[in-house]
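Numbering (the working numbering), first residue to last: 322 to 681. Every residue gets a Cβ at the ideal spot worked out from N, C-alpha and C, and that includes glycine.
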Ligand SMILES: NC(=O)c1ccc[n+]([C@@H]2O[C@H](COP(=O)([O-])OP(=O)(O)OC[C@H]3O[C@@H](n4cnc5c(N)ncnc54)[C@H](O)[C@@H]3O)[C@@H](O)[C@H]2O)c1
């Protein structure tokens, strides 16, 4: 039933129609639809992710700590829950539930798999379940591209990119960098797996890049020959500890979060996406905090840089460590949902919610 109330501004005011509160239909959005909604929209997605990130930094979100489910019998695996709520005009709540099973890769299937649940702002009802490994990779790559742009302002813009770890996330980050105007004279690749390095090289060649591509067997060579270094490994503990490898003061997108020894962070300029999120779960910034006994090594957040509150010091490596925020998944997921609704191809599961009368 539609309720009608008069606005309390006097007898001449027009009646205001309040929409009925109803159970929203429940939809399932598979990966092909997600990919179709996002492909070729990289610039738009970077703008969306930046705007959502600013909204979060301004406090118009709820983004509690991620919850890590780990297993004694499968120590390399984990499933992470990222609940979040966005205010602003988006007004949506939800949860990303993302698995990381690194051993999958040897079996020929991706490491990460995920779903994103969107919940209705007014009723709390879940109204969509989206395939979310693509959404997760997309929001990660979008913020990485944004950070590369903001953090290279006022410095020499990098011309030699080095991908340290060459899986799906590295591919998405390269795609987003290329689509947002970056071109590199040289692209270096280093991966413990020769197959991954060769696969990434194949992707780069197919992407039509004009960059000279070099696969480096040595981590040191990759870092020394890159002024933009992207870490996208699955390392659980720091494995790069030689500060001299970064003597040329590269910009480092430390997306996999646990590659750099804490001593390197203490000697670098360090920027994170969110301080409370990032200084957890044995990330390198978390280890640096434990080693130093304080957070003084942090120069600020990417939002501080965007807003001009922080000027990044020159003359040392600049490391961006993004923990990854559930609000960004929500924003990209809602964008996908709206696109699919707009296309008229939303796949609704009829009568998903069944027990709707209180007393039967
Ligand atoms: N910060 C964020 O917001 C965010 C979001 C998504 C993913 N990630 C992280 O990105 C990383 C990469 O994800 P992916 O899906 O591309 O994984 P993936 O398994 O597809 O690829 C990882 C690659 O890293 C290589 N590798 C592992 N250890 C290495 C080492 N020490 N040196 C060199 N190469 C090494 C592996 O051989 C593999 O090819 C993961 O750690 C993931 O948790 C971070």
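Relative to ligand 1, residue 522 has its C-beta separated by 7 Å or more from all heavy atoms.
If only complete runs of 3 or more residues are kept, the stretch 340-380 shows the beta strand (DSSP E) at 347-350, in order along the chain.
For residue 338, the three-state secondary structure derived from DSSP is strand. Distances from the CA of residue 420 to each of 412, 522, 402 and 528 were compared; the closest alpha carbon is that of 402.
Bridge pairing for residue 511: 485 [DSSP]. By the Cβ neighbour-count rule, residue 579 is buried, with 16 or more other Cβ atoms within 10 Å of its own. Excluding sequence positions up to five before and after residue 680, its CB lies less than 6 Å from no other CB in the same chain. Annotation: residue 614 is outside any beta strand (DSSP E) and is labelled neither H nor E by DSSP. The residue from 672, 662, 673 and 647 with its alpha-carbon nearest to that of residue 376 is 647. In terms of Cβ geometry, residue 626 and residue 498 do not form a close pair [threshold 8 Å]. Leaving aside the five residues that flank residue 553 on each side, the residues in its chain whose CB is nearer than 8 Å to its CB run, in chain order, 484, 485, 486, 487, 488, 490, 491, 494, 576 and 577.
Within the stretch 421-494, the complete beta strand (DSSP E) segments at least 3 residues long are 433-440, 447-452 and 481-485, listed from N- to C-terminus. With contacts defined by Cβ atoms closer than 8 Å, residue 405 and residue 383 form a contacting pair. A contact is defined here as three or more CB-CB pairs under 8 Å, and the stretch 654-664 meets this definition with respect to the stretch 440-451. With contacts defined by Cβ atoms closer than 8 Å, residue 505 and residue 467 do not form a contacting pair. Counting along the chain, residue 404 sits inside the beta strand (DSSP E) bounded by residues 399-407.
Short note on residue 426: C-beta closer than 7 Å to some heavy atom of ligand 1. With distances taken between CA atoms, residue 409 lies nearest to 374 out of 593, 374, 539 and 629. Counting the other CB atoms within 10 Å of its CB gives residue 516 a total below 16, which places it among the exposed residues.
In this structure, the beta-carbon distance from residue 460 to residue 561 does not fall below 8 Å. No residue range can be given for residue 601, since it is assigned to no beta strand (DSSP E) and is classified by DSSP as neither H nor E. Secondary structure note for residue 391: its beta strand (DSSP E) is the uninterrupted segment 388-391. With contacts defined by Cβ atoms closer than 8 Å, residue 574 and residue 479 do not form a contacting pair. Residue 367 is positioned such that its CB atom lies no closer than 8 Å to that of residue 496. Around the beta carbon of residue 603, fewer than 16 other beta carbons sit within 10 angstroms, so the residue counts as exposed. Among the bridge pairs identified by DSSP, residue 641 is matched with 574 and 592.
With contacts defined as CB atoms closer than 8 Å, residue 613 and residue 587 qualify as a contacting pair. Membership of residue 657 in the alpha helix (DSSP H) is indicated by the continuous run 647-664.
Just measuring C-alpha positions, the residue of 585, 514 and 636 sitting nearest residue 555 is 514. The closest heavy atom of ligand 1 lies less than 7 Å from the beta carbon of residue 423. In this structure, ligand 1 has no non-hydrogen atom nearer than 7 Å to the beta-carbon of residue 349. At least one heavy atom of ligand 1 falls within 7 Å of the beta-carbon of residue 576. Exclusion of the five residues before and after residue 673 leaves 346 and 347 as the residues of its chain whose Cβ lies within less than 8 Å of its Cβ.
Distance between residue 443 and residue 662, taken at the CA atoms: about 19 Å. Looking at the backbone, the Cα of residue 632 and that of residue 411 are separated by about 31 Å.
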